[in-house]
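Engineer: Quick note, the sequences are listed as chains A and E, same order. Under numbering that gives the first Met the number 0, the first residue of the first sequence carries the number 0, and numbering increases by one thereafter. Under numbering that gives the first Met the number 0, the first residue of the second sequence carries the number 0, and numbering increases by one thereafter.
Number of protein chains: 2
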Amino acid sequence: MGAIGRQTVNTAQRLKSLRELMRKPEFDVKVVVVPSEDEHFSEYPAEADKRRGFISGFNGSAGRAVVTLKDAFLFTDGRYFLQAEQQLDKNWTLMKQGLPDVPTWQEFLSKHLEEGIRIGIDPTLILASGWWTLRQNPVDVVWGTERPQRPKNRVFVLDIEYTGEQFSTKLKRVREEMAKKNATAMAVTLLDEVAWLFNLRGSDIDFNPVFFAYAIVMRDSAVLFVDENQVDDSVKIHLGQEVSIRPYEEFLPYLRSLATDSLVKKDEPVLLGDKTNLAVVEALGEENVIIMPSPVAALKAIKNPVEIEGFRQCHIRDGVALARYFAWLERQLSKGEKVDEYQGAEQLAKFRSELDKFMGLSFTAISSAGPNAAIIHYSPDPNDCAMITKDQIYLCDSGGQYLDGTTDVTRTWHFGVPSDDEKRAFTRVLQGHIAMDTAVFPAGTTDAFARRPLWEDGLDYRHGTGHGVGHFLNVHEGPQGIGTRITYNSTALKPGMTVSNEPGYYADGKWGIRIENVVIVREVSTPYNFGGVKYLGFEHVTMCPMQKTLVDLSLLTANERAWLNNYHEEVFQKVSPYLKGTDEVALEWLRRVCAPV
Amino acid sequence: MGAIGRQTVNTAQRLKSLRELMRKPEFDVKVVVVPSEDEHFSEYPAEADKRRGFISGFNGSAGRAVVTLKDAFLFTDGRYFLQAEQQLDKNWTLMKQGLPDVPTWQEFLSKHLEEGIRIGIDPTLILASGWWTLRQNPVDVVWGTERPQRPKNRVFVLDIEYTGEQFSTKLKRVREEMAKKNATAMAVTLLDEVAWLFNLRGSDIDFNPVFFAYAIVMRDSAVLFVDENQVDDSVKIHLGQEVSIRPYEEFLPYLRSLATDSLVKKDEPVLLGDKTNLAVVEALGEENVIIMPSPVAALKAIKNPVEIEGFRQCHIRDGVALARYFAWLERQLSKGEKVDEYQGAEQLAKFRSELDKFMGLSFTAISSAGPNAAIIHYSPDPNDCAMITKDQIYLCDSGGQYLDGTTDVTRTWHFGVPSDDEKRAFTRVLQGHIAMDTAVFPAGTTDAFARRPLWEDGLDYRHGTGHGVGHFLNVHEGPQGIGTRITYNSTALKPGMTVSNEPGYYADGKWGIRIENVVIVREVSTPYNFGGVKYLGFEHVTMCPMQKTLVDLSLLTANERAWLNNYHEEVFQKVSPYLKGTDEVALEWLRRVCAPV
Chain A
0 MGAIGRQTVN TAQRLKSLRE LMRKPEFDVK VVVVPSEDEH FSEYPAEADK
50 RRGFISGFNG SAGRAVVTLK DAFLFTDGRY FLQAEQQLDK NWTLMKQGLP
100 DVPTWQEFLS KHLEEGIRIG IDPTLILASG WWTLRQNPVD VVWGTERPQR
150 PKNRVFVLDI EYTGEQFSTK LKRVREEMAK KNATAMAVTL LDEVAWLFNL
200 RGSDIDFNPV FFAYAIVMRD SAVLFVDENQ VDDSVKIHLG QEVSIRPYEE
250 FLPYLRSLAT DSLVKKDEPV LLGDKTNLAV VEALGEENVI IMPSPVAALK
300 AIKNPVEIEG FRQCHIRDGV ALARYFAWLE RQLSKGEKVD EYQGAEQLAK
350 FRSELDKFMG LSFTAISSAG PNAAIIHYSP DPNDCAMITK DQIYLCDSGG
400 QYLDGTTDVT RTWHFGVPSD DEKRAFTRVL QGHIAMDTAV FPAGTTDAFA
450 RRPLWEDGLD YRHGTGHGVG HFLNVHEGPQ GIGTRITYNS TALKPGMTVS
500 NEPGYYADGK WGIRIENVVI VREVSTPYNF GGVKYLGFEH VTMCPMQKTL
550 VDLSLLTANE RAWLNNYHEE VFQKVSPYLK GTDEVALEWL RRVCAPV
Chain E
0 MGAIGRQTVN TAQRLKSLRE LMRKPEFDVK VVVVPSEDEH FSEYPAEADK
50 RRGFISGFNG SAGRAVVTLK DAFLFTDGRY FLQAEQQLDK NWTLMKQGLP
100 DVPTWQEFLS KHLEEGIRIG IDPTLILASG WWTLRQNPVD VVWGTERPQR
150 PKNRVFVLDI EYTGEQFSTK LKRVREEMAK KNATAMAVTL LDEVAWLFNL
200 RGSDIDFNPV FFAYAIVMRD SAVLFVDENQ VDDSVKIHLG QEVSIRPYEE
250 FLPYLRSLAT DSLVKKDEPV LLGDKTNLAV VEALGEENVI IMPSPVAALK
300 AIKNPVEIEG FRQCHIRDGV ALARYFAWLE RQLSKGEKVD EYQGAEQLAK
350 FRSELDKFMG LSFTAISSAG PNAAIIHYSP DPNDCAMITK DQIYLCDSGG
400 QYLDGTTDVT RTWHFGVPSD DEKRAFTRVL QGHIAMDTAV FPAGTTDAFA
450 RRPLWEDGLD YRHGTGHGVG HFLNVHEGPQ GIGTRITYNS TALKPGMTVS
500 NEPGYYADGK WGIRIENVVI VREVSTPYNF GGVKYLGFEH VTMCPMQKTL
550 VDLSLLTANE RAWLNNYHEE VFQKVSPYLK GTDEVALEWL RRVCAPV
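This is how it looks when you write it as structure tokens:
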């Protein structure tokens, strides 16, 4: 969930230049919309693609800028209200999405602007049609030579020992989906979908082991559009005869030629995932495409047995680093040593980097003390961050990338004496976490289970309860999830899907609490079986203790208490063998914090 | 939830006549869609408006018929699968909506029929545009002289003592909603909205105290379109100068004249609720209307303090009739007397009819024994129904209309020795009921709380958990409710709304269980108040015991057990005073069944 720093950028000059361009005949638009996304709809774009961050100064991961000739608006959601208030300068108006009476950016455009005015948008950055599509992105023009280059790092093959399925059978399964729609091809534009499909990985985007590429799957062949300098012989041998490689830039021209040569047509269309950018649709012709929830995303979401076992194993190893870090941190603080938020995150990264199959972090760690813990997507600025102290809440949300899986875990600690409010909120969040962990449900589920214990105290949190998690891929993976987002509710959970379980509570300006495990959806056995459907539940794979002394035990039911003790027993059994003989301090800490209540 | 009988109608001749008409040049359509609704979108249409029942023979309250030149399809949902299977003859294919791979009727029309063919529909019976609208309804032509007349019963004034608000202030509040959209008028087409708005009631539709009428609210006046023979001087004096009365048939011509005379236009449009029929839109001109969730429905949904107190009081009196009936029934069975399902319902109706302010039943009672209890919308045919016996489940869902409110209550009994399966399912349903009853939530809520105890055993039910309940109006009232329907989820619950809480479980062919109370949404006090929003909960007003001997106490938590005892204590305190000296048998029964477990 990373976002870097809290520095404010003076955007006056950037906006002035942008507005000058907007008035010029070659642009001639009254409004420019600047989304966060790159043309692949990557959640974390490369620096070169962070146009919204450049123009607004706000660098949280979600938000859209709407710039008119006079005003500038930044739309973001509850996770980023505090951060955006700190980062935006006086040229910007913050639009807090989700609050009553605050329109979405789409509503804002349709209701608050005159009808018929031209709203400019880069067609590679937008999903729907109905826009005035620009031939050139005016933000790029303003950015000019200051704009960084996109990385072009080496692409590598992920072995079958980790993927569990050859790419040729993945292609076969995509072709089966194509056949259902009589499609002649599918264009794959999301970077994690390309990486998953061909069992390749890269490092072009921080934290996400992907590389810049597009792909087209046809009935008898496939084309991977990628910079030739990024792929060596090992990749070419891996791809073999079946997949040809072409330059990244040839993707759109190739699509245009398919349409021009009538290789795609209305009754033999091209499948596009619903996160495909408008430029792709324009290149193929709107009449020649079927836009639908991506079949690749749906296949990728369900992890195979090899991937699932990888998730289990990498989470146990990850738990070793976590135990070492929290034990180290407690000891440092008890010795009176000073540790700031950034140093803490660095120490945790160091412990992770010593683990087998480690490939990097899965996002910038949220290492946050006291009031910073209430900033949901906070991350410490090395030059200006708070100390971790014994008299404050410490919230740490972090994760690693491993060849066999991806982790994402949050624990909240208090190394001194927590207040009654802190204990009460922690207990309610824990109860929500347990309720979700133990839920049994027939298809989709709701995060009301997780929120109910909080609601009983008049508490709540302004984020979803769970996101999908990729397998050595993006730590945020769609379409599955747990919460109120439309995509979550329209995507039934299925056995083999991986999601996070992370209820929280945030007391703005004071402290924040979150407890997050990664869980795998699995079939559960029930006494009856109404409707002949599978009843589902979760298997938690994250192996890290939750602080018992933050729990108000009087609020727990007997079942919740048993859950906590069983979980700690499981953590100790799985993690302690790795600590024996290597880190006795962490082992003793683990024994103590995992003892039953 | 009433539906009468299970007789099968031979539809061969009716379909033959309809298809002959469809081929004639004046109709010339390949498909006719026959919805359940009348032009007012009444949930229970008058006999004259039951076109779908006439053409298909299926008389459940929900369903749509799609008749092509060759085939005939009946689309209905899980509540009606069993009933439709029994009622439809071989000319019909049942389309079970909600099951995997069964399309909705809209999907079916768009996917399974050739493009461009003409699909005929009566514009007064349909919401959306995009249809070939017929000038005459071909089903009415087939129906011919057999078609019954619509009732034209006397309209009467509901006193301020019951309504709690003069109609003039209701009109003022509607005009405030109009002003927000700069609307010059609002057309009110739903019968319960018209009745609520003018504090009038009628009896043109069984169980719903409404009358056939349309209304237009303008900025300084209002027009009620109703048959003159139905309104006497008392109504005219009540309506006074502010509201003029015009014949029912003049509604559409009046709208047309508004458009023709440019009294409505694009920038001074007419507000229409989203359940307004297409003919109204056509009369005004599509460009001159704003279709939105009805502001009248939204105002009506929130009951004022007088209506709320009326709900409480009529539910206590209703509880008296229920106690007398269930005590009577238990005694009859223990004496070895024979009572069939219909006789049971009649006895309950008799007890209700003796109550103060009684105005009729709120729907046909579902008095159902054994396998019939699994037919969610069953009602007994007087000439062919089952006996209520001591060795079967007995499910009774019934309600009354009173001047001060409307009731809807379900209780499930076993007068002998229930099986383990029956007890287990009853207990799970009870736990779901308690979970919903005790829920605390910030805005909308979910019925996952109610389903969770069932899901844990692999059980579920194919209906929503709660519908809105009108105040001496329709027992099913929108837009509020609890469940997965889109309208429920897009309508936040607000203090003063009334909904039912009715989880259930149905073992097809064997037995069914449902436990239903009416609850009022209210603000609850919580230790904290995150987000500054109101946290909501429910106040149950239904006062009728739930059978303790059907409960597997070992499954209950301590809190659930306490809830059951507290509820029974409350029922006894409120209902017993009415039984003292009038029905000592019922009083003793009530004392026994309300004793703590």
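Glycine is no exception: its CB is placed at the ideal position from the N, C-alpha and C atoms.
Looking at E/F537: is its Cβ nearer than 8 Å to the Cβ of A/A447?
Structural biologist: Translated into the one-based positions of the second sequence, residue 537 of chain E becomes position 538. Translated into the one-based positions of the first sequence, residue 447 of chain A becomes position 448. Contact: no.
Engineer: What's the C-alpha gap between E/G469 and E/N207?
Structural biologist: In the second sequence, counting from the first residue as 1, residue 469 of chain E sits at position 470. In the second sequence, counting from the first residue as 1, residue 207 of chain E sits at position 208. Whole-angstrom Cα-Cα distance: 10 Å.
Engineer: What is the DSSP secondary structure of A/C313, reduced to helix, strand or coil?
Structural biologist: Here residue 313 of chain A corresponds to residue number 314 of the first sequence, with the count starting at 1. In this structure, A/C313 counts as helix in the three-state DSSP scheme.
Engineer: Per DSSP, what are the beta-bridge partners of A/C395 in this structure?
Structural biologist: Taking the first residue of the first sequence as 1, we reach residue 395 of chain A at position 396. The partner list for A/C395 (beta bridge, DSSP) reads A/S366 and A/R410.
Engineer: As a quick exercise: from E/G511, E/F440 and E/S378, pick the residue whose alpha carbon is nearest that of E/S418.
Structural biologist: On the second sequence, residue 418 of chain E is found 419 positions in, with the first residue counted as 1. Of E/G511, E/F440 and E/S378, the residue nearest in Cα terms is E/G511.
Engineer: Are the CB atoms of A/L93 and A/L87 within a distance shorter than 8 Å?
Structural biologist: For this step, residue 87 of chain A is matched to residue 88 along the first sequence. For this step, residue 93 of chain A is matched to residue 94 along the first sequence. Cβ atoms of A/L87 and A/L93: closer than 8 Å.
Engineer: What would DSSP say about A/G482, mapped onto helix, strand or coil?
Structural biologist: Counting from 1 along the first sequence, the entry for residue 482 of chain A is found at position 483. Of the three classes helix, strand and coil, the one that applies to A/G482 here is coil, per DSSP.
Engineer: Based on DSSP bridge pairs, tell me the residues matched to E/N516.
Structural biologist: Translated into positions along the second sequence, residue 516 of chain E becomes position 517. BP columns for E/N516 point to E/N500.
Engineer: Do A/V225 and A/V154 have their C-beta atoms within less than 8 Å of each other?
Structural biologist: Position 226 of the first sequence, counted from the first residue, corresponds to residue 225 of chain A. Position 155 of the first sequence, counted from the first residue, corresponds to residue 154 of chain A. Result yes, Cβ atoms of A/V225 and A/V154 sit closer than 8 Å.
Engineer: With a cut-off of 8 Å, do at least 3 Cβ pairs link the region 308–318 of chain E to the region 350–359 of chain E?
Structural biologist: They touch, by the three-pair rule.
Engineer: If you follow the alpha helix (DSSP H) that A/K349 is part of, which residue opens it and which one closes it?
Structural biologist: Residue 349 of chain A sits at position 350 when you count from the first residue of the first sequence. Note, A/K349: alpha helix (DSSP H), E340 to S352.
Engineer: Only counting the same chain, and skipping five residues up and downstream in sequence, which positions put a Cβ closer than 6 Å to that of E/R323?
Structural biologist: Within the second sequence, residue 323 of chain E is the residue found at index 324, counting from 1. So the qualifying residues of the chain are F350, D582 and A585.
Engineer: Can you name the residues of chain E whose CB is closer than 7 Å to the CB of A/W619?
Structural biologist: Not covered by the structure: residue 619 of chain A. The range shown for chain A is 0 to 596.
Engineer: Can you tell me whether DSSP reads E/S233 as helix, strand or coil?
Structural biologist: Mapped onto the second sequence, residue 233 of chain E falls at position 234. In this structure, E/S233 counts as helix in the three-state DSSP scheme.
Engineer: For E/I387, which three-state DSSP category applies?
Structural biologist: Walking along the second sequence from the start, residue 387 of chain E turns up at place 388. In the structure shown, E/I387 sits in coil (DSSP, three-state: anything other than H, G, I, E or B).
Engineer: What does the alpha-carbon distance come out to for the pair E/N90 and E/K69?
Structural biologist: For the purposes of this step, residue 90 of chain E is taken as the residue at position 91 of the second sequence. For the purposes of this step, residue 69 of chain E is taken as the residue at position 70 of the second sequence. Cα to Cα, the separation comes out at about 10 Å.
Engineer: Indicate the three-state DSSP secondary structure (helix, strand or coil) for E/I375 in the structure shown.
Structural biologist: The residue given as residue 375 of chain E occupies position 376 in the second sequence. Residue state, collapsed to three classes: coil.
Engineer: Return the first residue and the last residue of the beta strand (DSSP E) that E/D76 is part of.
Structural biologist: Reading the second sequence from its first residue, position 77 is the one you call residue 76 of chain E. Its beta strand (DSSP E) spans residues A71 to D76.
Engineer: Check distances from the C-beta atoms of the region 510–536 of chain A to those of chain E and list, in chain order, the residues that come in under 7 Å.
Structural biologist: Listed by position along the chain: T525, P526, Y527, N528, F529, G530 and Y534.
Engineer: Using a C-beta to C-beta distance shorter than 7 Å, which residues of chain E count as neighbours of A/G457?
Structural biologist: Position 458 of the first sequence, counted from the first residue, corresponds to residue 457 of chain A. Per Cβ cutoff of 7 Å: T525, P526, Y527, N528, F529 and Y534.
Engineer: For E/A64, collect the residues of the same chain with a Cβ closer than 6 Å to its Cβ; drop the 5 residues on either side in sequence, then sort them by chain order.
Structural biologist: Taking the first residue of the second sequence as 1, we reach residue 64 of chain E at position 65. Correct list, in chain order: V33, R51, I54, S55 and L73.
Engineer: Please confirm if E/F310 has its CB atom under 8 Å from at least one CB of chain A.
Structural biologist: Numbered from its first residue, the second sequence carries residue 310 of chain E at position 311. Not one chain A Cβ lies under 8 Å of E/F310.
Engineer: In chain E, which residues lie with their C-beta within 8 Å of the C-beta of A/A447?
Structural biologist: Residue mapping note: residue 447 of chain A aligns to position 448 of the first sequence, counting from 1. F440, T444, T445, A447 and F448, listed in chain order.
Engineer: In the region 27–58 of chain A, which residues sit with their C-beta less than 8 Å from some C-beta in chain E, listed in chain order?
Structural biologist: Answer set for the region 27–58 of chain A: empty.
Engineer: On the CB-based measure, 16 or more other CB atoms within 10 Å of its CB, does A/V173 come out buried or exposed?
Structural biologist: Walking along the first sequence from the start, residue 173 of chain A turns up at place 174. Buried.
Engineer: Is it true that the region 376–387 of chain E meets the region 420–435 of chain E, where meeting means three or more beta-carbon pairs spaced less than 8 Å apart?
Structural biologist: Cβ pair count under 8 Å is below three, so no.
Engineer: Consider the C-beta atom of E/A71 and the heavy atoms of the ligand FAD; say whether any pair is separated by less than 7 Å.
Structural biologist: The ligand FAD is absent from the structure shown, which contains no ligand whatsoever.
Engineer: Do you know whose CA, among A/G580, A/Y566, A/Y577 and A/K579, lies nearest A/V592's CA?
Structural biologist: Working through the first sequence from its first residue, we reach residue 592 of chain A at position 593. Closest by alpha carbon: A/Y566.
Engineer: With DSSP run on the structure shown, which of helix, strand or coil describes A/Q400?
Structural biologist: Position 401 of the first sequence holds residue 400 of chain A. Looking at A/Q400 - three-state DSSP - the assignment turns out to be strand.
Engineer: Among E/Y401, E/T406, E/A372 and E/T405, which residue has its Cα nearest to the Cα of E/V392?
Structural biologist: Mapped onto the second sequence, residue 392 of chain E falls at position 393. The amino acid at residue 392 of chain E is misidentified as Val; the sequence shows Ile. Ranking the options by Cα distance to E/I392, first place goes to E/A372.
Engineer: Pop quiz: A/A364 and A/T388 are said to be a contact at Cβ under 8 Å. What is the actual Cβ separation, rounded to whole angstroms?
Structural biologist: On the first sequence, residue 364 of chain A is found 365 positions in, with the first residue counted as 1. On the first sequence, residue 388 of chain A is found 389 positions in, with the first residue counted as 1. That belief does not hold up - the Cβ atoms of A/A364 and A/T388 are roughly 18 Å apart, past 8 Å.
Engineer: Where E/L108 and E/V28 are concerned, what is the direct C-alpha to C-alpha distance, given to the nearest angstrom?
Structural biologist: As a position in the second sequence, residue 108 of chain E is number 109, starting the count at 1. As a position in the second sequence, residue 28 of chain E is number 29, starting the count at 1. Between E/L108 and E/V28, the C-alpha separation is close to 13 Å.
Engineer: Do A/P147 and A/E46 come within 8 Å of each other at the CB atom, strictly closer than that value?
Structural biologist: Residue mapping note: residue 46 of chain A aligns to position 47 of the first sequence, counting from 1. Residue mapping note: residue 147 of chain A aligns to position 148 of the first sequence, counting from 1. Contact: yes.
Engineer: Could you round the C-beta distance between A/E501 and A/I514 to whole angstroms and report it? I think they count as a contact, below 8 Å.
Structural biologist: The sequence position of residue 501 of chain A within the first sequence is 502, counting from 1. The sequence position of residue 514 of chain A within the first sequence is 515, counting from 1. Right, their Cβ atoms sit about 7 Å apart.
Engineer: Got a sec? Which residues, its chain only, sit under 8 Å from E/N228 by beta carbon, not counting five neighbours each side?
Structural biologist: Position 229 of the second sequence, counted from the first residue, corresponds to residue 228 of chain E. Result list for E/N228: K151, in chain order.
Engineer: So with CB distances below 8 Å, who are the chain E contacts of A/T556?
Structural biologist: For this step, residue 556 of chain A is matched to residue 557 along the first sequence. The contacting residues are T556.
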